[in-house]
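Here is the structure we will look at, set down as C-alpha cells.
There are 2 protein chains.
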Amino acid sequence: MEGFPEKGIKMGNMTIKDIAKKCGVGVSTVSRAMNNHPDINPKTKELIMKTIEEFNYVPNNSARNLKRIQSKAIAVLVKGIGNTFFSDIVSGLERECQKKNYSCILQHVEEQEDELDIALHIIKEKKLQGLIFLGGSFSHPKEKMEQLEVPYVLSTIRTAGENCEQYAAVSVDDFKESYKMTEYLLQLGHERIAILTAPKEDESIGKLRLMGYAQALKDKKIPVQEELIGYMDAKKDRYSFQTGYKLTKELLKKTDFTALYATSDTLAIGACRALKEAGISVPDECSVAGFDGMEAGEFYIPSITTIRQPVEKIAKATAELLFDMIKGKEVPRQLVFEGELLERESTAFSSCHESVK
Amino acid sequence: MEGFPEKGIKMGNMTIKDIAKKCGVGVSTVSRAMNNHPDINPKTKELIMKTIEEFNYVPNNSARNLKRIQSKAIAVLVKGIGNTFFSDIVSGLERECQKKNYSCILQHVEEQEDELDIALHIIKEKKLQGLIFLGGSFSHPKEKMEQLEVPYVLSTIRTAGENCEQYAAVSVDDFKESYKMTEYLLQLGHERIAILTAPKEDESIGKLRLMGYAQALKDKKIPVQEELIGYMDAKKDRYSFQTGYKLTKELLKKTDFTALYATSDTLAIGACRALKEAGISVPDECSVAGFDGMEAGEFYIPSITTIRQPVEKIAKATAELLFDMIKGKEVPRQLVFEGELLERESTAFSSCHESVK
Numbered sequence: 001m002e003g004f005p006e007k008g009i010k011m012g013n014m015t016i017k018d019i020a021k022k023c024g025v026g027v028s029t030v031s032r033a034m035n036n037h038p039d040i041n042p043k044t045k046e047l048i049m050k051t052i053e054e055f056n057y058v059p060n061n062s063a064r065n066l067k068r069i070q071s072k073a074i075a076v077l078v079k080g081i082g083n084t085f086f087s088d089i090v091s092g093l094e095r096e097c098q099k100k101n102y103s104c105i106l107q108h109v110e111e112q113e114d115e116l117d118i119a120l121h122i123i124k125e126k127k128l129q130g131l132i133f134l135g136g137s138f139s140h141p142k143e144k145m146e147q148l149e150v151p152y153v154l155s156t157i158r159t160a161g162e163n164c165e166q167y168a169a170v171s172v173d174d175f176k177e178s179y180k181m182t183e184y185l186l187q188l189g190h191e192r193i194a195i196l197t198a199p200k201e202d203e204s205i206g207k208l209r210l211m212g213y214a215q216a217l218k219d220k221k222i223p224v225q226e227e228l229i230g231y232m233d234a235k236k237d238r239y240s241f242q243t244g245y246k247l248t249k250e251l252l253k254k255t256d257f258t259a260l261y262a263t264s265d266t267l268a269i270g271a272c273r274a275l276k277e278a279g280i281s282v283p284d285e286c287s288v289a290g291f292d293g294m295e296a297g298e299f300y301i302p303s304i305t306t307i308r309q310p311v312e313k314i315a316k317a318t319a320e321l322l323f324d325m326i327k328g329k330e331v332p333r334q335l336v337f338e339g340e341l342l343e344r345e346s347t348a349f350s351s352c353h354e355s356v357k
Numbered sequence: 001m002e003g004f005p006e007k008g009i010k011m012g013n014m015t016i017k018d019i020a021k022k023c024g025v026g027v028s029t030v031s032r033a034m035n036n037h038p039d040i041n042p043k044t045k046e047l048i049m050k051t052i053e054e055f056n057y058v059p060n061n062s063a064r065n066l067k068r069i070q071s072k073a074i075a076v077l078v079k080g081i082g083n084t085f086f087s088d089i090v091s092g093l094e095r096e097c098q099k100k101n102y103s104c105i106l107q108h109v110e111e112q113e114d115e116l117d118i119a120l121h122i123i124k125e126k127k128l129q130g131l132i133f134l135g136g137s138f139s140h141p142k143e144k145m146e147q148l149e150v151p152y153v154l155s156t157i158r159t160a161g162e163n164c165e166q167y168a169a170v171s172v173d174d175f176k177e178s179y180k181m182t183e184y185l186l187q188l189g190h191e192r193i194a195i196l197t198a199p200k201e202d203e204s205i206g207k208l209r210l211m212g213y214a215q216a217l218k219d220k221k222i223p224v225q226e227e228l229i230g231y232m233d234a235k236k237d238r239y240s241f242q243t244g245y246k247l248t249k250e251l252l253k254k255t256d257f258t259a260l261y262a263t264s265d266t267l268a269i270g271a272c273r274a275l276k277e278a279g280i281s282v283p284d285e286c287s288v289a290g291f292d293g294m295e296a297g298e299f300y301i302p303s304i305t306t307i308r309q310p311v312e313k314i315a316k317a318t319a320e321l322l323f324d325m326i327k328g329k330e331v332p333r334q335l336v337f338e339g340e341l342l343e344r345e346s347t348a349f350s351s352c353h354e355s356v357k
C-alpha cells in the first residue's frame with residue numbers, strides 16, 4: 001500500500017510498515033510497542049498505540065506466524081449449560097481470555113455425552129492450547145485422562161475418585177461447605193433434613209456435598225435416612241428448577257421433613273415451588289437452603305439461604321492457572337476457595353423447637 | 001505409522017491412510033464416508049465410521065487445508081451476558097455451530113463498549129467467517145456497519161433506526177408483542193400501567209417495546225404518562241434483577257399504579273421483590289408482567305406472566321441464516337417469530353374494576 005488515506009476512510013489493508021512510516025519509527029519499534037516491551041520511549045509508544053487505534057490496525061499475525069494464531073485458543077466444555085450458575089462462570093472465564101487475547105470456544109456437552117470424548121476430539125480439530133471443564137460428574141479412568149495432550153483445569157468441579165490430586169482444579173471445598181450448611185440447619189433445630197442431590201453414581205461435587213451432609217448428621221448422632229435423600233436420575237435430571245420441583249414432589253409423597261437442603265440454588269427454587277403447591281409455607285413449615293449463591297436466589301420470594309461460591313475469583317483463578325500451565329510456568333494443582341453462608345428468608349428455626357427461639 | 005496397535009492403545013497419530021487400510025478400502029472412500037457423500041455403500045460407510053470412532057481418529061484438516069480450518073469459526077458477541085435469557089440463546093447457537101462443525105467463539109461486550117469496534121477487531125484477528133450480535137441497543141451509523149466484511153445476523157435484537165431493512169435479523173416483533181401484553185393488562189381493567197424500559201436513547205428492542213406499550217394505551221384513549229415510565233440509566237443499568245428492583249423502588253416513590261409491565265422477566269422479578277418490600281402484594285394490589293419467557297419466571301412465586309420468545313427456533317434460524325449467508329446461498333433478511341402470551345400468577349384483574357370480575 002502506498003501513501004496514507006485520510007482519517008476516517010476505510011483502512012482494511014494497513015500493514016505494520018504503514019504504521020511505522022506514519023509514526024516516523026522503525027517496524028521493530030512498532031512491534032515493541034504492541035508487545036508491551038519495556039525498552040521503548042513512553043511517548044513514542046503512546047503515539048504508536050494512538051495511530052494503531054486511529055487506523056483500526058489489526059496485526060495480521062496469521063500470515064507471518066501461523067503457529068501463534070492456531071494456538072491462541074482454549075475451549076470451555078460446559079455440561080449442564082441450563083444451570084445459570086455456569087453462565088456466570090463462563091462470562092468470567094471469557095473475560096479473562098479476552099484480557100490475554102485468547103479465543104474462548106464454548107462447547108456444550110449434552111448430559112448423556114462423554115465430555116472427555118468431546119475434549120479429545122476438539123483438541124485435535126481446533127488445535128487448542130488448553131481446556132476448561134465446567135460441570136458434569138467428571139469421573140473418568142486415569143488412562144483416558146492421560147490422553148488429553150494439553151493442559152486442562154476443572155472449574156467448580158472436582159472428582160471424588162482416586163488420582164484426584166493429579167488434576168488441576170479450582171473450586172470450593174464441597175464437602176466442607178456442605179457440612180457447614182447442614183450444621184446450620186441442625187442449629188436451627190431441624191432433625192429431619194431432606195436433601196436433593198446428584199445421581200447415586202455421581203463421583204464428583206454431588207457425592208462430596210452428600211458426604212458433607214451425612215457427616216454433619218453423624219457428628220450430631222442423627223442417623224442418615226435414605227428416605228430423606230432425593231437422588232437425581234442420571235439419565236434425565238440435572239441441576240435445574242424442574243428437577244428440584246420434581247424431586248421435592250416425590251419426597252413429599254413418601255415422607256415428611258422440616259428442612260430441605262437442595263445442593264444448588266436452582267434445585268432450591270424448584271423445591272419452593274413444589275412446597276407452595278403442596279400448601280407448605282417456606283420457611284414457617286419447612287426451611288429451604290440452596291448452594292451456589294446465584295443472583296436469582298437473592299431476588300426469589302422468599303430469598304434463598306445459600307452457600308455463595310466466589311464466582312469471580314474462581315473464574316479468574318481457573319483462567320490464570322490454565323494460562324500458566326500452558327506457558328509451562330505452573331504444574332496442575334488444586335486451588336480451594338472459601339464459600340460464604342448467606343442467611344436469607346427461606347430458613348428459620350424448626351417449629352418443633354420453639355424453645356430454641 | 002506402520003501396522004495397527006491393538007484397540008484401546010493410544011492412537012494419537014492415526015492417519016486417513018491407516019483408517020483406509022484397516023477397513024480394506026481406498027482413502028477416497030474414507031473421505032466420502034466422512035463427508036456424508038451419497039455415493040457410498042451404506043455398510044462400508046458404517047464400517048468406516050465405526051473404525052474412526054474406535055480409533056478416535058480426527059482428520060488433521062489444518063495440515064492439508066489451512067484455509068478451511070481458519071474459516072470454520074464464527075463469533076457470538078453478547079452484550080449483557082448477565083441477562084440469563086441470552087444464555088439460553090447462546091447454548092442454542094452453540095449447538096447449531098457444533099452440528100455444522102463450526103467453532104463458536106463467545107465474545108463478551110461490556111455495557112459501555114462499542115460492539116461494532118470489537119467486531120471489526122476480532123473479525124480480522126480470528127479470521128472469522130461470520131458474526132452474531134446478541135443484546136445491546138445496536139444503533140450504529142450505516143458507514144460503520146458497512147465495514148463489517150463478513151456476514152452477520154442480529155439475534156433477538158433489531159435496530160429501530162433507518163436502514164434496518166438491510167440487516168439480517170431474527171427476532172419476535174417487539175412492537176407487536178409489547179402491544180399484546182399492554183392490551184392484555186388493559187383488558188384486566190388496569191389503566192395506570194407503569195413500564196420498566198431501556199434507556200431513553202435506546203434505538204433497539206427497548207424503543208420498540210416502549211412504542212408498543214404507548215400505542216396500546218393510545219388506542220384505548222389513555223394518555224401515556226411520563227411519570228409511569230421507569231427508564232434505565234444507559235451508563236449503569238441493564239436488563240437485570242437488580243435494575244428491576246431499583247427502578248421499581250424509584251417509581252414507587254413518586255407515583256402509584258395498579259400494574260407494572262417490565263420489558264424483561266429479569267426486570268419483572270426484581271420488581272416483585274421491590275413491591276414485596278414496599279408491602280404491596282402481587283397480584284392482589286399490583287399486577288406484574290414480564291417479557292422473554294425465562295424458566296426462572298415459571299418457578300418464581302408468584303410465577304410471572306410473560307411473552308415467551310421461541311428461543312430454540314430463534315437460535316436455530318439465526319445460525320441457519322448465517323451459515324446460508326456465509327455460503328452465499330442467502331441474502332440478509334428479517335425473520336420474525338411469533339411470541340406467546342403466558343398468563344401466570346403475577347397478573348390479575350384490577351381491584352379498581354371489581355365489576356369486571
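Chains as they are written, first to last, in UniProt numbering: chain A, 1 to 357; chain B, 1 to 357. Beta carbons are placed, not taken as given, at the ideal position from N, Cα and C, and that holds for glycine. Predicted model only: the values in this text are computed from it and were never measured.
List, in order along the chain, the chain A residues whose C-beta lies closer than 8 Å to that of residue i?
i	result
His190 of chain B	Within 8 Å Cβ-Cβ: nothing; His190 of chain B doesn't reach chain A, min ~22 Å.
Glu285 of chain B	Those do not exist, as Glu285 of chain B stays about 15 Å from chain A at its closest Cβ, beyond 8 Å.
Ser155 of chain B	Result: empty, since nearest Cβ-Cβ is about 15 Å, beyond 8 Å.
Ser204 of chain B	The contacting residues do not exist; Ser204 of chain B stays about 21 Å from chain A at best.
On the premise that residue j lies in contact with residue i, defined as a C-beta separation below 8 Å, what is that separation, rounded to the nearest angstrom?
i	j	result
Ala348 of chain B	Asp284 of chain B	7 Å
Count the other C-beta atoms from every protein chain shown that fall within 10 angstroms of the C-beta of residue i, then say buried if there are 16 or more, exposed otherwise.
i	result
Lys43 of chain A	exposed
Glu107 of chain A	Contrary to the premise, residue 107 of chain A reads as Gln rather than Glu in this sequence. When all chains shown are included, Gln107 of chain A counts as buried.
Lys45 of chain A	buried
Asp219 of chain B	exposed
Asp292 of chain A	buried
Pro141 of chain B	exposed
Gly328 of chain A	exposed
Glu94 of chain A	buried
Gly189 of chain A	buried
Lys79 of chain B	buried
Lys246 of chain A	buried
Val331 of chain B	exposed
Lys126 of chain B	buried
Val27 of chain B	exposed
At a CB-CB cut-off below 7 Å, which residues of chain B make contact with residue i?
i	result
Glu96 of chain A	Neighbours of Glu96 of chain A on chain B: none; closest Cβ ~10 Å, over 7 Å.
Candidates the options: which alpha carbon is nearest residue i's?
i	options	result
Ile123 of chain A	A:Glu113, A:Ile157, A:Ser31, A:Lys72	A:Lys72
Ser287 of chain A	A:Lys316, A:Gly279, A:Lys313, A:Phe257	A:Phe257
Ala268 of chain A	A:Lys253, A:Thr255, A:Gly230, A:Leu47	A:Gly230
Met294 of chain A	A:Asp233, A:Phe85, A:Ser281, A:Ser31	A:Phe85
Glu277 of chain A	B:Leu342, B:Gly26, B:Pro302, B:Ala169	B:Pro302
Tyr102 of chain B	B:Val76, B:Leu120, B:Ser87, B:Ala119	B:Val76
Ser204 of chain B	B:Phe175, B:Thr159, B:Tyr184	B:Thr159
Asp173 of chain A	A:Ile193, A:Tyr152, A:Lys207	A:Lys207
Ala33 of chain B	B:Lys99, B:Gly24, B:Leu47	B:Leu47
Ile222 of chain B	B:Pro199, B:Ile193, B:Val30	B:Ile193
Ala271 of chain B	B:Thr248, B:Asp18, B:Gly290, B:Glu191	B:Thr248
Pro310 of chain A	A:Thr51, A:Asp88, A:Ala119, A:Ile19	A:Asp88
Glu298 of chain B	B:Val27, B:Thr263, B:Glu343, B:Lys21	B:Glu343
Lys253 of chain B	B:Gly135, B:Ile40, B:Leu275, B:His121	B:Leu275
residue 402 of chain B	B:Asp117, B:Ser155, B:Leu251, B:Glu113	No answer is possible for residue 402 of chain B: the residues shown for chain B start at 1 and end at 357.
Ala169 of chain B	B:Leu116, B:Thr156, B:Glu177	B:Thr156
Residues of chain A with a CB under 7 Å from the CB of residue i: which are they?
i	result
Lys126 of chain B	Ser103
By the criterion of Cβ-Cβ separation under 8 Å, what are the contact partners of residue i in chain B?
i	result
Ala296 of chain A	Thr84, Phe241, Ile269, Ala296
His108 of chain A	Ser91, Glu94, Arg95, Gln98
Ser139 of chain A	What Ser139 of chain A touches in chain B: nothing, since even the nearest Cβ is about 19 Å away.
Ser28 of chain A	Result: empty, since nearest Cβ-Cβ is about 21 Å, beyond 8 Å.
List the residues of chain B that residue i touches, going by C-beta distances under 9 Å, in chain order.
i	result
Tyr300 of chain A	Ile269, Arg273, Ala296, Phe299, Tyr300, Ile301
Ser281 of chain A	Chain B residues near Ser281 of chain A: none, gap ~11 Å exceeds 9 Å.
Can you list the residues of chain A that residue i reaches, using a CB-CB cut of under 9 Å?
i	result
Ser31 of chain B	Those do not exist, as Ser31 of chain B stays about 16 Å from chain A at its closest Cβ, beyond 9 Å.
Ser178 of chain B	Residues of chain A passing the Cβ test: none, with the nearest at roughly 23 Å.
Pull out every residue of the stretch 243-277 of chain A whose Cβ sits closer than 9 Å to any Cβ of chain C, in chain order. Considering every chain present, this structure includes no chain C. Its protein chains are A and B.
In the stretch 332-355 of chain B, which residues sit with their C-beta less than 8 Å from some C-beta in chain A, listed in chain order? Taking 8 Å as the Cβ-Cβ cut-off against chain A, none of the residues of the stretch 332-355 of chain B qualify.
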